[in-house]
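Notes follow the structure.
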């Protein structure tokens with residue numbers, strides 16, 4: 070059961086070995102590795118190509134949030150081992166961003182809990198993504214997603 | 070896109086690095102590692118403890134079957150990379166048995182295809198499990214599951 | 037034609053594989069099962085009516101009505117339990 | 037009280053964090069937003085009515101009706117887009 074936010078890359082094999090070492094109750098280990106994908110925001114538009122991104126986080130709050138969601142996952146599923154390693158800082162296309170690993174006696178629980186954690190990380194963890202394209206830098210969600218996001222926050226305000 | 074059946078253990082980190090090397094279209098890599106779980110068939114019965122198992126397979130047919138299911142997964146989901154490494158022979162509790170890794174631009178596709186492959190491996194791949202317990206060796210499914218399994222085969226015969 | 041047995045069927049039959057030459061009227065997997073039962077008490081037990089086993093012809097899963105014509109390898113095995 | 041800004045809000049406001057001493061009648065996160073808008077055009081733009089941002093009080097996500105009493109750190113940030 071561990072959560073880490075770090076700038077450095079991680080070694081997937083070594084992390085998984087440490088996670089499962091000495092635990093003979095784990096039958097299935099579900100793992101997710103998120104990578105920086107080179108993509109075109111609008112297909113064919115060269116200037117939209119994402120070559121790298123910078124992830125900003127909120128030191129202190131991010132770790133707290135990750136620990137809370139890990140605790141929540143452990144309540145919902147019978148888990149023997151969980152690990153979240155999330156990088157911040159600048160990463161180029163092809164680099165690893167995040168590792169989520171969940172070990173359980175049963176593979177269904179491992180898969181479900183892993184997906185739960187990944188979905189949650191994508192929307193509820195305090196990270197902000199700055200994309201680098203040939204046309205310059207752009208904060209993700211600062212344009213297209215704004216209305217929807219604003220509505221969500223306004224609702225809470227009311 | 071690769072399938073391997075081997076007696077030797079595998080290095081998860083090295084396998085994943087090889088799988089994703091040079092491919093910048095992969096946004097999510099869903100991975101499953103199956104381990105030999107020490108378990109009690111009947112809780113509390115020491116003699117039921119599984120300390121090790123031996124997986125027998127059908128050389129030639131196993132590889133063909135794995136390649137077919139890999140092809141099927143690639144038809145159903147937009148996958149950039151798939152890998153199945155399955156061990157045979159004797160393995161003790163805590164050892165790795167199987168690695169399934171699926172890379173896709175989208176994490177939902179990666180997770181779904183990975184689960185699809187793992188579910189399929191557990192029921193449709195030509196492997197047979199011999200468990201070692203303090204009371205002796207036992208072929209899994211040779212007793213309790215027989216009736217149901219027999220019915221399944223008999224139906225096909227008719 | 038080579039016939040192979042896996043898992044506990046191998047032990048019950050007594051050999052992992054054998055070369056057989058069934059007569060011409062043995063046309064399907066089901067026919068072969070019936071014919072093999074007469075070879076030994078082990079065969080009869082492993083391939084008994086109602087026993088839980090499946091078959092493959094030339095390394096592809098096959099139901100009992102599948103024709104043997106041209107087959108080089110037929111395998112019999114318990115339900116898969118691996119992975 | 038320390039106020040922190042993240043992502044594009046940090047650039048719009050012009051500083052990543054600042055120490056502020058709001059008057060006693062600034063009781064909630066919403067009150068603080070209104071009060072901060074007067075500090076500079078950057079503040080007014082980043083914290084504008086209807087802009088897409090959320091808040092945290094002492095590193096826990098907070099809605100605008102949350103009380104500030106005893107808070108040491110308040111943060112404002114765009115919707116999370118990471119992971």
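Protein chains in written order, with the working numbering: chain F, 70 to 227; chain E, 70 to 227; chain L, 37 to 119; chain D, 37 to 119.
Glycine included, each C-beta is placed from N, C-alpha and C at the ideal position.
Determine, for residue i, whether the minimum Cβ-Cβ distance to residues of chain L falls below 9 Å.
i, result
"residue 130/E", "yes"
"residue 216/E", "For residue 216/E, the pLDDT reaches just 40, beneath the cut-off of 50, and the residue's location in the model is therefore unreliable, leaving the point undetermined."
Out of the options, which one is the CA nearest neighbour of residue i?
i, options, result
"residue 205/E", "160/E, 121/E, 191/E and 137/E", "121/E"
"residue 144/E", "74/E, 105/E and 173/E", "173/E"
"residue 79/F", "194/F, 156/F and 88/F", "156/F"
"residue 73/F", "90/F, 135/F and 104/F", "135/F"
"residue 126/E", "183/E, 201/E, 203/E and 191/E", "191/E"
"residue 177/F", "82/F, 92/F, 99/F and 164/F", "99/F"
"residue 154/E", "103/E, 185/E and 91/E", "103/E"
"residue 59/L", "105/L, 41/L, 97/L and 42/L", "105/L"
"residue 139/E", "124/E, 160/E, 179/E and 123/E", "179/E"
"residue 207/F", "93/D, 102/D, 38/D and 43/D", "43/D"
"residue 193/E", "84/L, 80/L and 90/L", "90/L"
"residue 182/F", "97/F, 198/F, 76/F and 108/F", "97/F"
"residue 37/L", "93/L, 51/L and 118/L", "93/L"
"residue 186/E", "129/E, 167/E, 130/E and 94/E", "167/E"
"residue 116/L", "158/E, 131/E and 108/E", "131/E"
"residue 61/D", "103/D, 49/D and 111/D", "103/D"
"residue 68/L", "100/L, 118/L and 50/L", "100/L"
Run the CB neighbour count on residue i, radius 10 Å, all protein chains shown included, and call it buried at 16 or more, exposed below.
i, result
"residue 151/E", "buried"
"residue 70/D", "exposed"
"residue 171/F", "buried"
"residue 149/F", "buried"
"residue 86/L", "exposed"
"residue 95/D", "buried"
"residue 147/E", "exposed"
"residue 55/L", "exposed"
"residue 46/D", "buried"
"residue 77/D", "exposed"
"residue 203/F", "exposed"
"residue 158/E", "exposed"
"residue 65/L", "buried"
Would you say residue i lies against chain F (beta-carbon separation less than 9 Å)?
i, result
"residue 70/D", "no"
"residue 154/E", "no"
"residue 148/E", "no"
"residue 158/E", "no"
"residue 107/D", "no"
"residue 122/E", "no"
"residue 83/E", "yes"
"residue 111/D", "yes"
"residue 78/E", "no"
"residue 176/E", "yes"
Classify residue i as helix, strand or coil using the three-state DSSP reduction.
i, result
"residue 126/E", "strand"
"residue 155/F", "strand"
"residue 70/L", "helix"
"residue 205/F", "strand"
"residue 198/E", "strand"
"residue 166/E", "strand"
"residue 96/D", "strand"
"residue 182/F", "helix"
"residue 82/E", "helix"
"residue 117/D", "coil"
"residue 160/E", "strand"
"residue 143/E", "helix"
"residue 38/L", "strand"
"residue 105/F", "coil"
"residue 98/E", "strand"
"residue 78/D", "helix"
"residue 87/F", "helix"
"residue 93/E", "coil"
Establish whether the CB of residue i and some CB of chain D are separated by less than 9 Å.
i, result
"residue 168/F", "no"
"residue 98/F", "no"
"residue 125/F", "yes"
Checking contacts by CB at 9 Å: is residue i closer than that to chain E?
i, result
"residue 40/L", "yes"
"residue 135/F", "no"
"residue 50/L", "no"
"residue 87/F", "no"
"residue 108/F", "yes"
"residue 92/L", "yes"
"residue 43/L", "yes"
"residue 78/L", "no"
"residue 73/F", "no"
"residue 96/L", "yes"
"residue 145/F", "no"
Within 9 Å of any Cβ in chain B, is that where the Cβ of residue i sits?
i, result
"residue 138/F", "Absence of chain B from the displayed structure is noted, the protein chains being F, E, L and D."
Checklist entry - Looking at chain E, which residues of the stretch 180-214 of chain F have a Cβ within less than 7 Å of any of its Cβ atoms? => result 180, 184 and 187
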